[in-house]
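**Q** Protein sequences appear in the order of chains B and V. Per the numbering used here, residue 1 is the first one in the first sequence, and the count goes up by one each step. Per the numbering used here, residue 1001 is the first one in the second sequence, and the count goes up by one each step. Even glycine gets a Cβ: it sits at the ideal position worked out from N, Cα and C.
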Amino acid sequence: MQLFLLVAIFCSFVVLGFYIYMHYKSRKVFFENLISFCDHLSIEISFSKNITLQVIERYYKTYSRHFQSLLQGYSNLLTDKQDITYQNITTLMWNKLKAHEISIITEFFYELGRHGAIEEGEKLENKKIQFDGFLKNAQTAQKKEASIYLKICIILGIAAVILLI
Amino acid sequence: MNSTQSIAKLISEILPEHLRSAFSILPHDNINELRLRTNAPAIVCAFGKNRYLTQNGLSNNPHNPIIVTRADIETIIHKASSYSIYAINEQLKQGFITIRGGIRIGICGEVVVERGQVLTIKNVQSLNIRVPHEIRGCSYPVLNFIFENPRPLRTLVISPPGCGKTTFLRDLAWQISDKYQLLNTLVLDERGEIAAAHLGENQLDVGDTTDVITGINKAFGFENGVRSMRPDIIITDEVATKSDIEMLKLATRSGVGVIASVHASGIDEIRTKPYFCDLINEQVFDRYVVLGIGDTPGKVQGVYDKNLRMVAG
Chain B
1 MQLFLLVAIF
11 CSFVVLGFYI
21 YMHYKSRKVF
31 FENLISFCDH
41 LSIEISFSKN
51 ITLQVIERYY
61 KTYSRHFQSL
71 LQGYSNLLTD
81 KQDITYQNIT
91 TLMWNKLKAH
101 EISIITEFFY
111 ELGRHGAIEE
121 GEKLENKKIQ
131 FDGFLKNAQT
141 AQKKEASIYL
151 KICIILGIAA
161 VILLI
Chain V
1001 MNSTQSIAKL
1011 ISEILPEHLR
1021 SAFSILPHDN
1031 INELRLRTNA
1041 PAIVCAFGKN
1051 RYLTQNGLSN
1061 NPHNPIIVTR
1071 ADIETIIHKA
1081 SSYSIYAINE
1091 QLKQGFITIR
1101 GGIRIGICGE
1111 VVVERGQVLT
1121 IKNVQSLNIR
1131 VPHEIRGCSY
1141 PVLNFIFENP
1151 RPLRTLVISP
1161 PGCGKTTFLR
1171 DLAWQISDKY
1181 QLLNTLVLDE
1191 RGEIAAAHLG
1201 ENQLDVGDTT
1211 DVITGINKAF
1221 GFENGVRSMR
1231 PDIIITDEVA
1241 TKSDIEMLKL
1251 ATRSGVGVIA
1261 SVHASGIDEI
1271 RTKPYFCDLI
1281 NEQVFDRYVV
1291 LGIGDTPGKV
1301 QGVYDKNLRM
1311 VAG
């Protein structure tokens, strides 16, 4: 019984550490998806000129859950012919994003599709540079902080087991 | 929901709130156009007459109409393009957007030109939203006069603006498909108004044996359409230029039945139109169908033979 309790405590700390690690990883994946979406849009705008809804539909399954959720919300606004405003886009944002990230990404979706092909392409390139910055920060945070938190939780788990023995 | 209600719903979806609420209470069956100009009253053409749009309906009173703002115009264009302006640039360059339901939105603004080529239209300041109507049967009375069992005669439909020429051609395609099921019809829908193809589906019914080429000039349509689709009949709208006419002559000589339309008040005006008088002199067409103003679009005033003698009317 005691052994079971010790294992459960240790596993709880490991799960916590893993949860924190996944938080950093999922942020990194989110920004990778955002950049990938920009690339897909660039290609479609340059060649087939499909509307944004069709681009989203085509590549939707290649994205992670959190990015899919954002795209689904944006698609619903387009399908329902609602006004695309800063307000209704902000409500779609993932709650793990920071304030300035939300601001830039909201602006991106607000401006999306309002220009001709050349201008749209230029805006996509400019936004990609900003998203690259977010990705680099997320990658750095994952390498440094996520690993540290995971190790700390494992160590705390071991310490808790030792103390209880 | 009938087609008029569906079209009214599609128009409402792209309008800003204050215009949408006013538009929703109008009798949509009789609306032809919705004219929106920046910082000017919204105007509706209904029953052939222009009237001001107010929150309570249509009015001849210029004192309390709904005023259209620049933001309204931008919202309509963005929604009409599904927030994908880049995808409709080819249409924008020609001064219109066609959306689902065959609804054509004419656009006025600043034309951007580079090296003599139109790149786009920007700073749009006015829109003309044209409401299509399906009037089933409006072309039926002329069917027997434009077919010599079962071959179609080469036919030119002559109509003043706003008399339902496109409505007539749309119904004609459907009637041919319905009555002569073994004939293949090809519709050259340059501006997407006849069949209103949207994402691969026709929004307006042109019949089960009709193929549609959308968004390309008549020259391409005639040359490639004849080769690839082997139509028995080609239907095309708004023949206007010298190259259109040269294509028509080629097509009529290829053995394919051709039904085309032209803007004119009647036969007399056609005789004086540049290049068109040659069509009459060379007897390129076997039949001329003249449309006129009536209680419904597509009202036939008369059918003439190649010698311009009336055979029905």
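Give a yes or no on contact between the segment 1240-1255 of chain V and the segment 1186-1196 of chain V, applying the rule of three or more CB pairs nearer than 8 Å.
**A** no
**Q** Indicate whether the contact test is met: 3 or more Cβ pairs, each with one atom in the segment 1154-1161 of chain V and one in the segment 1261-1269 of chain V, closer than 8 Å.
**A** yes
**Q** Listing by chain order, which chain B residues have their CB less than 8 Å from the CB of serine 1337 of chain V?
**A** The shown model of chain V, from 1001 to 1313, leaves out residue 1337 of chain V, and the question about it has no answer.
**Q** Beta carbons nearer than 8 Å to chain V: which residues of the segment 71-95 of chain B have them?
**A** Leu78, Lys81, Asp83, Ile84
**Q** Which whole runs of the alpha helix (DSSP H) in the segment 1223-1260 of chain V are 4 residues long or more, in chain order?
**A** 1242-1253
**Q** Which same chain residues, not among the five before or five after threonine 1210 of chain V, have their C-beta less than 7 Å away from its C-beta?
**A** Ala1173, Ser1177, Thr1185, Val1187
**Q** At least one CB of chain B closer than 8 Å to the CB of lysine 1009 of chain V: is that the case?
**A** No, no contact with chain B.
**Q** Nearest CA to the CA of glycine 1298 of chain V: which residue from V:Asn1217, V:Glu1269, V:Ile1135?
**A** V:Ile1135
**Q** Taking 8 Å as the threshold, find out whether the segment 61-73 of chain B comes into contact with the segment 1004-1012 of chain V through three or more Cβ pairs.
**A** No, they do not touch.
**Q** Could you tell me which chain V residues have their CB closer than 7 Å to the CB of isoleucine 45 of chain B, listed as they occur along the chain?
**A** Tyr1086
**Q** Per DSSP, what kind of secondary structure is leucine 34 of chain B in: helix, strand or coil?
**A** helix
**Q** Indicate whether glycine 121 of chain B and valine 14 of chain B have their beta-carbon atoms separated by less than 8 Å.
**A** no
**Q** Flag isoleucine 1014 of chain V as yes if its beta-carbon sits less than 8 Å from any beta-carbon of chain B, otherwise no.
**A** Yes, isoleucine 1014 of chain V lies at the interface with chain B (some Cβ there is under 8 Å from its Cβ).
**Q** Nearest by alpha-carbon distance to valine 1289 of chain V: which of V:Lys1218, V:Ala1251, V:Lys1165, V:Arg1051 is it?
**A** V:Lys1165
**Q** Since histidine 1028 of chain V meets chain B, which of its residues come closer than 9 Å, beta carbon to beta carbon?
**A** For histidine 1028 of chain V, there are no C-beta contacts with chain B under 9 Å, since the nearest C-beta of that chain is about 18 Å from it.
**Q** Run through the segment 1154-1207 of chain V for me and flag every whole alpha helix (DSSP H) of 4 or more residues, listed as ranges in chain order.
**A** 1165-1179
**Q** In whole angstroms, what separates the C-alpha of isoleucine 1129 of chain V from that of proline 1041 of chain V?
**A** Cα to Cα, isoleucine 1129 of chain V sits roughly 15 Å from proline 1041 of chain V.
**Q** Compare the C-beta of glutamate 101 of chain B with all C-beta atoms of chain V and state if any pair is closer than 8 Å.
**A** It does not: the Cβ of glutamate 101 of chain B has no partner Cβ on chain V nearer than 8 Å.
**Q** Name the DSSP beta bridge partners of glutamine 1117 of chain V, please?
**A** Note: glutamine 1117 of chain V is bridge-paired with V:Glu1114 in the DSSP secondary-structure output.
**Q** Out of V:Val1124, V:Ile1270, V:Gly1200, V:Asp1305, state which residue places its alpha-carbon closest to the alpha-carbon of histidine 1078 of chain V.
**A** V:Val1124
**Q** Between the alpha carbons of glutamine 1091 of chain V and threonine 1236 of chain V, how many angstroms are there, rounded?
**A** 18 Å
**Q** Per DSSP, cysteine 1108 of chain V is paired with what?
**A** V:Ser1126
**Q** When you check each C-beta in the segment 1105-1124 of chain V against every C-beta of chain B, which residues fall closer than 9 Å?
**A** Val1112, Leu1119, Thr1120, Lys1122
**Q** Let me check understanding here. Comparing Cα to Cα, which of B:Ala146, B:Lys123, B:Ala160, B:Cys153 lies closest to leucine 41 of chain B?
**A** Across the set B:Ala146, B:Lys123, B:Ala160, B:Cys153, the C-alpha of B:Lys123 shows the shortest separation from the C-alpha of leucine 41 of chain B.
**Q** Would a C-beta distance cut-off of 8 Å place isoleucine 1043 of chain V and arginine 1035 of chain V closer than the cut-off?
**A** yes
**Q** Assuming contact is defined by CB atoms lying nearer than 8 Å, are serine 1084 of chain V and isoleucine 51 of chain B in contact in what I supplied?
**A** yes
**Q** Taking the straight line between their C-alpha atoms, what separation do you get for glycine 1221 of chain V and isoleucine 1213 of chain V?
**A** 7 Å
**Q** Rank V:His1018, V:Ala1046, V:Asn1039 by C-alpha distance to the C-alpha of isoleucine 1031 of chain V and give the top, closest one.
**A** It is V:Ala1046.
**Q** If you reduce the DSSP assignment to three classes, tell me which class aspartate 1278 of chain V lands in.
**A** helix
**Q** If we define contact as Cβ-Cβ less than 8 Å, is alanine 117 of chain B a contact residue for chain V?
**A** yes
**Q** What residues of chain V sit near glutamate 107 of chain B, judged by a beta carbon separation below 9 Å?
**A** Simply none; closest approach about 14 Å.
**Q** Between the Cα of threonine 1075 of chain V and those of V:Leu1015, V:Asp1205, V:Lys1179, V:Ala1197, spot the shortest distance and give me the residue it belongs to.
**A** For the residues V:Leu1015, V:Asp1205, V:Lys1179, V:Ala1197, the minimum Cα distance to threonine 1075 of chain V belongs to V:Leu1015.
**Q** Using alpha carbons as the reference points, say which of B:Val7, B:Ser12, B:Tyr21, B:Phe4 lies closest to alanine 141 of chain B.
**A** B:Tyr21
**Q** I want to see whether chain B comes within less than 8 Å of histidine 1078 of chain V, judged by CB atoms only; does it?
**A** Put simply, the CB of histidine 1078 of chain V is near chain B, with a gap under 8 Å to one of its CB atoms.
**Q** By the three-class DSSP mapping on this structure, what secondary structure does asparagine 1217 of chain V have?
**A** coil
**Q** Determine the DSSP secondary structure at asparagine 50 of chain B, reduced to helix, strand or coil.
**A** Coil, per DSSP.
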